[in-house]
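Visitor: Input: one structure, supplied below.
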Amino acid sequence: MSLELVTIPCRTDNYAYLVHDAASGQTAVIDVPDAAPILAALKSRGWQLSDILITHHHDDHISGVETLRAATGAMVLGAVADAHRLPPLDYALTEAASFAIGTEKVRVIDVPGHTIGHIAFHFPDSGYAFTADSLMSGGCGRLFEGTPAQMYASLQKLAALPPETLICSGHEYTASNLRFAATLEPGNAQLMSRVEAVAAQRAKGLPTVPVRLQTELDTNPFLRAHLPAVQASVGLPDADPAIVFAEIRARKDRF
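Counting in numbering that gives the first Met the number 0, the sequence shown runs from 0 upward without gaps.
So, in C-alpha cells, the structure goes:
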C-alpha cells in the first residue's frame, strides 16, 4: 500500500509534506519551513515524527528543523554536498544512498540548478517525488547557484520518472507559472484547461500541488524545450533543447 501523504501549507506560499507508514508508524516530513503547522498536523493524526528530509539549504525550507527535531527527536537527513550549510545531519546523503520509510525504499536524486546541493526524494512504490524548488508545478526554480545546463539535466532526470508520479513541489506558484507558460503555448489546449482549473482551485483556497508528472509533461514549458512548437515560440527552431531551456528560463526571470 502507498504511504499516506499530507500536504501542509506553511508561511505565505511554502509547502511541507508528511508521509506516513501505517504498519510501522514511521512518519517523515519533507522540508520544514515552519515547525508549528507540522507539529499541529502530526498531533491531529496521532503520528510520531521519525525522519526529517531536507531538499536544500534555503531558509524557507529549513528554518523550523531544529524546533521540530527538539520536539520530536526525529533524525535529520540531507545532502552531503550541503552539510556545511544545513542543520546538523544524522545522515548525509549522496545520490547513491538508499534508506527506507517503513518498508518503502527511498531514492535520492541529485537535482542541482536552483542550488548546487539540491536533492529530490523519489518514493517509487507510492509514486511520490518531492522536488521542492527544482521541478515545480508549472515551472522550475530560479537558478540561484547552478547553470541552465545543470537545471536542464536535473529536470530530464525527473521527467524520466513514471508519468503517474505525483510531483510534490515546494511553493504555491502554479498560477503565475502557468500565466507565463501560456505566453509560449497559447494554442496548447491542455495548458489552457489547466489554467482554468488552477484558477478555480485557488479561488477555493485549495493547494494546486501535488500534480501528476504527466500533467507537467503536457503543460510545463521547462519540460517541453525539445518540442518544435516551443522552440519556435522562443525563436530557436531546431536548437539544442538545453539552449531553448536557457532562453525559457531567462524569459521567465523577466516575466
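Note that beta-carbon positions come from the ideal geometry of N, C-alpha and C, so glycine has one too.
Could you give the DSSP three-state label for Tyr172: helix, strand or coil?
Guide: Within the sequence shown, residue 172 is the residue found at index 173, counting from 1. Taken through DSSP and simplified to helix, strand or coil, Tyr172 comes out as coil.
Visitor: Would you identify the three-state DSSP class for Val31, choosing helix, strand or coil?
Guide: What you label residue 31 is simply residue 32 of the sequence shown in a count that begins at 1. The three-state reading of DSSP puts Val31 in coil, since its state is none of H, G, I, E or B.
Visitor: For the beta strand (DSSP E) holding Arg106, just list the boundary residues, first then last.
Guide: Here residue 106 refers to the residue found at position 107 of the sequence shown. That run of the beta strand (DSSP E) goes Glu103 to Asp109.
Visitor: So, Tyr172 versus Leu4, is the Cβ gap smaller than 9 Å?
Guide: Along the sequence shown, read from residue 1 onward, the residue named residue 172 stands at position 173. Along the sequence shown, read from residue 1 onward, the residue named residue 4 stands at position 5. Contact: no.
Visitor: Along the chain, where does the beta strand (DSSP E) that runs through His113 open and close?
Guide: In the sequence shown, residue 113 corresponds to position 114, counting from 1. Here His113 belongs to no beta strand (DSSP E), and DSSP marks it neither H nor E.
Visitor: Under 9 Å between the Cβ atoms of Tyr14 and Cys139?
Guide: On the sequence shown, position 15 is the one that residue 14 refers to. On the sequence shown, position 140 is the one that residue 139 refers to. It is not a contact, given that the beta carbons lie outside the stated cut-off.
Visitor: Quick check on the DSSP output: the beta strand (DSSP E) that includes Phe129 runs from which residue to which?
Guide: Position 130 of the sequence shown, counted from the first residue, corresponds to residue 129. It spans Tyr127 to Ala131 - the beta strand (DSSP E) in which Phe129 sits, taken as one unbroken run.
Visitor: Mapping DSSP to helix, strand and coil, what is Phe254?
Guide: Stepping through the sequence shown from its first residue, residue 254 is reached at position 255. Of the three classes helix, strand and coil, the one that applies to Phe254 here is coil, per DSSP.
Visitor: Need the endpoints of the beta strand (DSSP E) that Ile100 sits in, please.
Guide: Taking the sequence shown and counting its residues from 1, one reaches residue 100 at position 101. Counting along the chain, the beta strand (DSSP E) containing Ile100 begins and ends at Ser97 to Ile100.
Visitor: So, under 8 Å CB-CB, Glu184 and Ser136 are touching, yes? Tell me the CB distance rounded to an integer number of Å.
Guide: Here residue 184 refers to the residue found at position 185 of the sequence shown. Here residue 136 refers to the residue found at position 137 of the sequence shown. The Cβ separation is near 16 Å, so there is no contact.
Visitor: Which parts of the segment 48 to 90 are runs of the alpha helix (DSSP H), unbroken and 4 residues or longer, counting only runs that do not cross its ends?
Guide: Entirely contained in the segment 48 to 90, the alpha helix (DSSP H) runs reaching 4 residues are, in chain order, 58 to 61 and 64 to 71.
Visitor: Can you tell me where the alpha helix (DSSP H) with Ala231 in it begins and where it stops?
Guide: Your numbering for residue 231 matches position 232 in the sequence shown. Looking at the DSSP string, the run of the alpha helix (DSSP H) that includes Ala231 is Pro227 to Ser232.
Visitor: Counting only the same chain and skipping the five closest in sequence on each side, list residues whose C-beta sits under 6 Å from that of Val210.
Guide: Mapped onto the sequence shown, residue 210 falls at position 211. Cβ neighbours of Val210 within its own chain (closer than 6 Å, five residues either side excluded): Ser136 and Ile166.
Visitor: With 16 other CB atoms within 10 Å as the buried threshold, where does Leu216 fall?
Guide: Position 217 of the sequence shown, counted from the first residue, corresponds to residue 216. Exposed, by the Cβ-count rule.
Visitor: Report back the beta-carbon spacing between Leu92 and Val110 to the nearest angstrom; my notes put them in contact at under 8 Å.
Guide: As a first step, residue 92 must be located in the sequence shown, where it is residue number 93. As a first step, residue 110 must be located in the sequence shown, where it is residue number 111. Going by Cβ atoms, the distance from Leu92 to Val110 rounds to 13 Å, so no, they are not a contact pair.
Visitor: Could you spell out the range, first to last residue, of the alpha helix (DSSP H) harbouring Ala152?
Guide: Here the question's residue 152 lines up with position 153 in the sequence shown. Where Ala152 is concerned, the enclosing alpha helix (DSSP H) starts and stops at Pro147 to Ala158.
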